Structure formats: structure tokens, C-alpha cells
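> This is the structure I have questions about; it appears just below.
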Amino acid sequence: MKKFLVVLIVLSLLLSVFGSNISFAQKKYKESPMLAELVKAGKLPPVEQRLPKNPFVVGPGVLIPEKDLKWEVGEYGGTLRMFWTGTEGGGDYIIILCEPLLSAPGISDSPIRGNIVEDFKVTGGNRVFTFKLREGLKWSDGTPVTTEDVRFAYEDVLLNDKLTPVFPSAYRSGGSPTGEPMKLEIVDKYTFRLTSKTRYGAFLRVLTIEAWAGHGDLLKPAHYLKQFHPKYTPLEKLEPLIKKEGFGPGEWWRLFTAKDFSSHWKQSRPDSVGFPVLAPWVLSPSTTSDVLVYERNPYYFKVDVEGNQLPYIDKIVGYRVQDQETALLKVLAGEIDFTRQSNITQLPLLKANEQKGGYKVYLLDKHTDGAPAYISLNYKDPVWRKVVWDVRFRKALSLAINRKEIIDTIYHGLAEPTSWIPSEYNVAEANRLLDEMGLKKRSPEGWRLGPDGKPFTINFETIGIWEPDMIPVNELVVEYWKKIGIRTTLKQIDPTLWQQRGREANQLQASVLWGAHDMGWQLWYGLDFATVLWDQWYNTGGKQGEEPPLWYKTLKDLAIKSKRAALPGSPEYKEVTRKIKELEYKYIPAIYITEKVKYPLIASAKLGNVPTSGYAIAANFSVEQFFFRK
Amino acid sequence: MLSYIIRRIILLIPLLFVLSIVSFVIIQLPPGDFLTTYIMGLERQGIEIREEEIANLKRLYGLDKPMYVQYFIWMRNLLSGNLGRSLQWGKPVNDILKERLPLTILISLLTTLFVWIVSIPIGIYSAIHQYSIFDYIFTFLGFIGLSIPGFLLALIFLWFFFSRFGIAMVGLFSPEFINAPWSIAKVIDMFKHLWFPVIIIGMSGTAGLIRTMRGNLLDELRKQYVITARAKGVPERILIFKYPVRLAINPLISTIGWMLPSIVSGETLVSIVLNVQTVGPILLGAVMSQDMYLAGSITMLLSFLTMIGTLISDILLAWVDPRIRYGRAEG
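So the protein lines, in turn, are chains A and B. So the first sequence is numbered by the working numbering: it starts at 1 and just counts up by one. So the second sequence is numbered by the working numbering: it starts at 631 and just counts up by one.
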């Protein structure tokens, strides 16, 4: 029966896309009892009028791949209790509220389909992108979404150099920082077209999940924001508002930016209450800044296969805690229904209290690699460079690491050795490589001497507070490298100092960071501080920085140019990925350690439609289909 | 006396000015600025932010202007009673403080009251019955209270309550009241939670005050006027409360100077552990994220209160203790 319905709805979708007027007799949608009451009281139009003509239909395998979740039709109601630390909602909320123009199951790149937009077409050899908005789609205040919102966002905000001092490379031709801004054409009330001068298949991915950017860049509630834009509201009228916000006279762009919450990143700020959004839940006012209360968006554009308007859950309430440990205590006491903010090192404690706390720990995948060790390839010291630029050296460092031990002791066995570089544990081979490359002589203490006759030393400077596994992994790595005669030290440093020494001043020799390979959500994380000067050279077309060796140029070309040109998931794209992997395996740009690290996702035992495998962050992406079992 | 007070108040102005510069600059001394800290916080959650967005944020927060300009803008607003806009919270500092201050002051006052009610009688008892069994017991407890830091005590109690009753004793309100408007039920709910932080924060203060009270009183008890009074047959109770206790309480008054700022800031570490939303943790967070408007404003407020407090305690002391004279000694 369900399958039949899916077919029916897909069919009707297809029919309407192709402009046909054939439509099934009055679709019957259902809504949350909470909204039904408002409709009865005349405070809200009926659900048929709130939904677009063709809503996004959620069913098995739509938001989360079928292998990761046995999808069920949910029930309405309930409050999802969450927490947050710091001053803004943070990662959990940002992803929950993220509604991109396009989407794909999980956080993958295939198949990419319309999310906010109903349909899209790529023509002109991956250059011309035509999108069709859902007819009847509405902002959370009931105003229809049209291409005027797109035009406003693109022409009046993105192309306004006061509001956008640096035009985003994501919307430049070919996605390159030097490319021309893409050309926007408004075809009709619901159709718009963006044209790139060069091939830019990755643009689809930019609009899907890359950088979790959502729809805010390309789609803004123009009817609301025009009141803060001097093109539509005279500056004199804005001045009192500018003054009230505490900005200098005439600084309307600061006022506009402060009032523009189209990016879901800002939708946890208390002053965003009342801003029209497209997210499943809308921030509602609260009496204190210690709670965030989100109520369902009555105009949300997704329905399930049986016609129930999503989300199932009525409300999200987030409690602010000042410390991660307090949050953990609340989880153990069963006061939290859903969070991704935990880590593998807490697993035993979490597991032990599962029954008592009434929650379940789902072991999912992390969307970044586990703590790779980066060795700077740009550190300005001739001796350092002579040694580090030798691939044999980097290979020896990788072979010296006992990855199984790391996985067992730190990740409780729930990770795998990296497949991106040679990762077998072979100390003899590591020593042989080091001897062969000329680091044979040793100091009285047993350290290998560098070409300058002094013990060759690697100084790690790592941030301890970022991820709980970084320092423990780093400590083990230091020991492994000492065993092959490389003097290695480790110092914990403050994040801002790290930023300044590493990314800005190029003074870091080595550091353990996170990294991400092509995992669907990000093209390539890059090597961060390790290749500061090479990247500068590459990004400025050779004007600044230092010229990288051929292999690095090829790697960058592949990762950036070739991959940007190809359509995500296409054979061309897969071929580029394969080539990148081959290059990385050969040249070992960083000492990757583990991959497929598991990540405990905590969800109330009563919650339904929680994925049981795949990326943990994908679960955040699908909270609109979560529901409480009665 | 009046001219003395006025002179002291006038002296406050240049002092406050210097303090404002120092606090504004010191907060920005560590490498980076608010944005670097902010961006790193996002990266920590595995989320990368685009460079264009960073440039936008810089302009939004006014961080593209030089530091002295930022200072003058802050100062100008400060003089008109506007404490500026917190970068971290994205709302006016006034609003943040308005929300936290009343609760912080309530907790601090209750704690002080708790400390005084418990420790003054015990201190007096210990001094009068020096080396008795109870004196030993109180001394022992006092040293434990002094030597265990409040946050550790808080952690131990949290663990105890969680493992015994399965509840997390954090926060000041039950979840159903946290976002409710003020009502009698909410106040009752708050007092149900309030005793916990009050006792924990008060613990070390109590221990300290018992020791001070006992020591001071012992010093006084040995003085000749006490012996004389006793010899003259003044009843013991009247004697002790009328003379030595009054003198022994002097140190309490001179600490009012520091009490005022601590009443406003609250106990930071315990507040963090117990998730009580006082001003202390807000200040800590503001300093850590280099939110100079919020941190600077709180620092200014605290310094101002310290100065006022010192002034008040000076005046009170002079009033209570006739031995103290103000102004220069003449001739």
C-alpha cells in the first residue's frame, strides 16, 4: 500500500513538473492537532492552503538511506528536550534548522534532488542551472516564496559590496575565487537560472550540504528585509533604527546584517524571533536566555507518504548548560532527548546508564577523520624541509604508528586504520627507510641526527580542548616516533595562539587536528597550516607564497578544478576521487591515522526514525521525521 | 565627615577612568580577537565557515576599526548608561545583566546570611568553650570546609544525589518552570533548588568565619577590661555580648568592601558546576571569548562596587569603632 502511494505521489509530482494540469482530486493532508486547533479558531488557514502545490514527500530512504533506517510513519506531538553550551545554539541546532535548496539522502551526494526547489536542470555542459521553486511554498509568516526573494538575495545583498564585501567564491564561475559572479536570470515567478562561465558541476553540492550553508545566500524573505534596505526604505527612515542598535550614523549595512537571519546559523539568536524562515521549527520568544524554544512551522513544506505534514514533533526546547560535564549528567539523568554533542571516550559511562536514563546510544560514523597528525611542509627551516620533503620520511612516520593500539585504547576498538596512506605497523621498515634517506647517525641518547648534525626534532603544538581524542592520540604518536629515533615533543596550546602561530605566521611544525576527506559534505578539507605558503601561491595565481612541488599542484588541481567541474556522483567525479586517493597514497601529505571513527548519538528510547548507521550528523539533518512513540 | 566622603567620591572618577582603559586593553591582549575565538568554536563542532562570512561578521561587530576607536565608542555609550552590545550574545549588555543580577544578588545575600547565622554563634561558642569537645568538632569540620574547594564539594554532592536518587541537581528551576513567567509556584520551585548552591557556596565561608570569629574573640577575652568586668561581677552573658563580641565583629564590617562585588559576581566555579546562571560564569565566558564589551562592562561594574564597598566599610568602621578617626591627625 505504502509503495503504491509513493508511486502515486512521485507520478503526480512528475506530472505537475512538466506543466500538465492533470491533478488528482483534492489531496487530503493531515496536520498536528496543535495546528488543527488554530485552524478551527480561525487563526491559521487550512493545511491545504499552507502547503505548496507539490510538497516534498518524505518516506523510506528519502531523508536517510534505507540501509541506515527502517522508516515508519510517525505520530504527532511531544517536546524534544535538548541542551546547548555557550551562547548560541551550536552544532546540533544549526543542522536541524538547515534547509538547503537541494538535498540528498543522508549527507551524501547522490541522488541530489530538489529540497526547497521543486526541480532543477543542469544544461550547457555543467554550466547552466535552472531551478523551479515550489508553487505555493510559504515563509513561516505565510508570505509566498517567489523568485523575487532570489533576486533580492542575489542582486541586493550578495552583489552589494557594502553588505557583501567579498563576493563568495561559491557563486563565482567555476567556484573559483578569481571567477566572475554567476549570472542570475529570473525567468518567471517560480523559475530562475544561474549561469557559470566555466564548468561548475559542484555547484549542485554547494547548494546541497557544503559548509552547511542552507538557503540563506540565495533565498531571503525579501518582503521582510526590504524594510532595512535603503534601496526600498529611505535612509532617513532607517537612521532611528540604526541609532537604536548602537551603530554609527549611516551604517545601514550593519543594521541590515544584524536584522538578516536568513542564514539558519543565526536562527538561535534571541533577536531572530519573528523572522520569516523555511525551517521545520521557528524560534519563539522565551522569558530567559537560558532556554531556546522552537515551535513547529505551520507552513513547513514537507509531508510524509500518508500526507501528514511534518515535523511530527511539536516543540524543541533547549536548555543552556555552562559545562559539557553538566550536560552529560543531564543526559545520564534522562533529561535530554537528543544530542550529538558527546564523544567516544564517554561511551562506557553512557552505556552503563542507558536503562536508567531511558535513552539509547546509537553508534554512528563521524563526519571527520579521527585526529590525523599534520607535519608542516612549509615550515621555514632548510634542515626541516630537507628531511620532511622526503616522502620516505613521511612514510616512515606513518609505518611507525601502531594504529591498532590507538584504536583499541582510545576508540574502544570502534574505528578503522586509514585507507588513504600506507598504514601497516612496520617499525623495521620505518627504520630502514630512515637509514636509507641518510638519518642514520644517532646522538648519544639515541636520537637520529639531521643533516645539520643535531638531533632532528618534531615539536607538536596541539589544542587540547577541541576534541577529546586529539591529545591522547598525539601522546601515543609521540611515543611511537621516539621509538624509531625521532625526537618528538608535545605541547598543548590555546586555540587562538594556535591560529596565530599556525595559519597566520606559519610557525607550527606539527599538530594533531581533525581532517576530512571527500565524505560528501565537503570537497577537501585541505592541509590547513601545513601548506600555508603553497596554498597562498595557488590561490593568488603565483603572486604570493611559495611555489609548491608538482604533486601538490596536481593534487590541488584535481581536488579543486577537476572536481568542481564534474557533477557530484558522476563517473567523471568518481574518477577524480580515485586519482586524488592515488596521489595521497603515494605522497602522504599528512599522517592520517584512523577513519570511520564511531560517534555516540544519544536519543531518547521513545524516539522513532532515528538512524542506526551512517553519519551521526545526518541524523540532525532528519529531525523533522523523528517522533515520540506513545 | 561629609567633606571626607565627598573627597573620596571625587577621587573615584580618575580611578574609574584608568580602570576602564586597563580592563578594555587587557581583555584584548591575548592573541586574536572575538571572531577568531568564535570561528574556532564553530570549527570545533566540525563546521567550517566561509571567508566571506568572516569579513561580514567583522564589519557587523565593528571589529574592523582600530582598538582606540572601539574604546571611545564604548566609553561614549557607557557615559549615557548604555553598556554596549555583547558580541558573544548578540544583545545589549544591559539586558544580560538585568536577567542575571537579581538572581545573583539573591543567592549571594542568602549565602552571606547563611554564613553569618551559622558561623557567628559557632565562633562565639568555640571561643568561650575553648578546647572543649564541641570546639574540637567544629574546628575539625571548619578545616574540612576550608580545605575542600567549593566546586569539588559541588561535584561530590551532585554525584551523591545522582547515584542515590537519580536526579541531576543542577540549575535553579525545574524544566517546567524555566521558561514560565514569574508566579508563586515558580518562586517556590526556585527555593526548592536554591538551598543547594547556597549551602555549597557558603561552606567555605562558614568555615573561615568560624575561625576568624573564634580567634578574634579569644584575643579579646584575654584582655584586662574583661577581667576587670568579671571582677566587678558583670553577668557573664551580658559581659561577653556587650564588649568582646562587638569588637570581634569589626573584621566582618571591614570585609563588606569585598563583599559587595562578590555579591554581584557570585561564585564562578560552583555556579558553573551547578549550572546556576549567575554573573560570574558570564564574565568568565566573556573573557575567554574576548567579548570586551561584556567583560569590560562587568569588570567596570565590579571595580566600581569594590570602591564603593571600601568607602562604605571605612565609614561604617569609623562609626562603629570610636577608636578610628578620619582625616589627617591634627597637631
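Note that the Cβ used here is the ideal one computed from N, Cα and C, for glycine as well. Keep in mind the model is a prediction, meaning the values are calculated, not measured.
1) Of all the residues that make up the region 770-803 of chain B, which are near chain A by a beta-carbon distance shorter than 7 Å?
2) With 8 Å as the threshold, decide whether the Cβ of B/I808 is near any Cβ in chain A.
3) Given 8 Å as the limit, is there contact between the region 485-502 of chain A and the region 455-470 of chain A, that is, 3 or more CB pairs closer than that?
4) Beta carbons nearer than 7 Å to chain B: which residues of the region 350-380 of chain A have them?
5) DSSP state of B/A810, grouped into three classes?
6) Check whether the Cβ of B/N905 lies closer than 8 Å to any Cβ atom in chain C.
7) Three-state secondary structure (DSSP) at B/L782?
8) Hey, A/E295 and A/K315: beta-carbon distance below 8 Å or not?
9) Between B/R689 and A/R254, how many whole angstroms is the CB-CB distance? I'm expecting something under 8 Å.
10) Between the C-alpha atoms of A/A505 and A/T233, what's the straight-line distance to the nearest angstrom?
11) Tell me the rounded alpha-carbon separation between A/Y615 and A/D365.
12) Kindly list the residues whose CB is nearer than 7 Å to the CB of B/L783, restricted to its own chain and excluding five residues on each side of it in sequence; keep chain order.
13) Is the region 383-396 of chain A close to the region 430-444 of chain A, with three or more CB pairs under 8 Å?
14) Candidates B/V817, B/S756, B/F871 and B/S653: which alpha carbon is nearest B/L931's?
15) May I ask you to list, following chain order, the residues of the region 266-287 of chain A that have a beta carbon less than 7 Å from some beta carbon of chain B?
16) Specify whether the region 595-615 of chain A and the region 623-630 of chain A touch according to this definition: at least 3 beta carbon pairs, one from each stretch, less than 8 Å apart.
17) What span of residues does the alpha helix (DSSP H) with A/A619 cover, start to end?
18) Quick check on DSSP: helix, strand or coil for A/E251?
19) Would the region 119-136 of chain A and the region 258-269 of chain A be scored as touching if the rule is three or more Cβ pairs under 8 Å?
20) Taking 8 Å as the CB-CB limit, is A/T257 close to chain B?
21) Would you list the residues sitting across from A/L194 in a DSSP beta bridge?
22) List the residues of chain A that B/P811 touches, going by C-beta distances under 8 Å, in chain order.
23) Can you tell me the Cα-Cα spacing of A/D369 and A/M470, whole angstroms?
24) For A/Q492, decide whether its Cβ has a neighbour in chain B, counting only Cβ atoms nearer than 8 Å.
25) Whose C-beta lies closer than 7 Å to the C-beta of A/F247 among residues of the same chain, with five residues either side of it excluded?
26) From the beta carbon of A/E335, is the nearest beta carbon of chain B less than 8 Å away?
27) Alpha carbons only, please: which of A/Y585, A/R629, A/P568 and A/I580 is nearest the one belonging to A/S108?
28) Under 8 Å between the Cβ atoms of A/A502 and A/R442?
29) In the region 454-511 of chain A, which residue ranges form an unbroken alpha helix (DSSP H) of at least 4 residues, counting only runs that do not cross its ends?
30) If you reduce the DSSP assignment to three classes, tell me which class A/V610 lands in.
31) Residues of chain B with CB closer than 9 Å to the CB of A/L332, please, in chain order.
32) So if DSSP puts A/W281 in a beta bridge, which residue, or which two residues, is it bridged to?
33) What are the complete beta strand (DSSP E) segments, minimum 3 residues, inside the region 320-367 of chain A?
34) Our contact map puts A/I593 next to A/I401 with C-beta atoms below 8 Å; I'd like the distance itself, whole angstroms only.
35) For A/S32 and A/Y76, what's the separation of their Cα atoms in angstroms?
36) Measure the Cβ-Cβ separation of A/L51 and A/Q309 and say whether it is below 8 Å.
Once the coordinates are examined:
1) L788, F792, G796, I797, A798 and V800
2) yes
3) yes
4) K356, H367 and T368
5) coil
6) Annotation note: the requested chain C is absent from the structure, which comprises protein chains A and B.
7) helix
8) yes
9) 7 Å
10) 44 Å
11) 4 Å
12) I830 and M833
13) yes
14) B/S653
15) R269, P270, D271, S286 and T287
16) yes
17) A616 to N620
18) coil
19) no
20) yes
21) A/F129 and A/L184
22) T287
23) 11 Å
24) no
25) R254 and L255
26) yes
27) A/P568
28) Residue 502 of chain A is actually Gly in this sequence, not Ala. No; because the gap between Cβ atoms is not below 8 Å, this pair is not in contact.
29) 470-483 and 495-499
30) coil
31) F792, G796 and A798
32) A/R296
33) 359-365
34) 6 Å
35) 6 Å
36) yes
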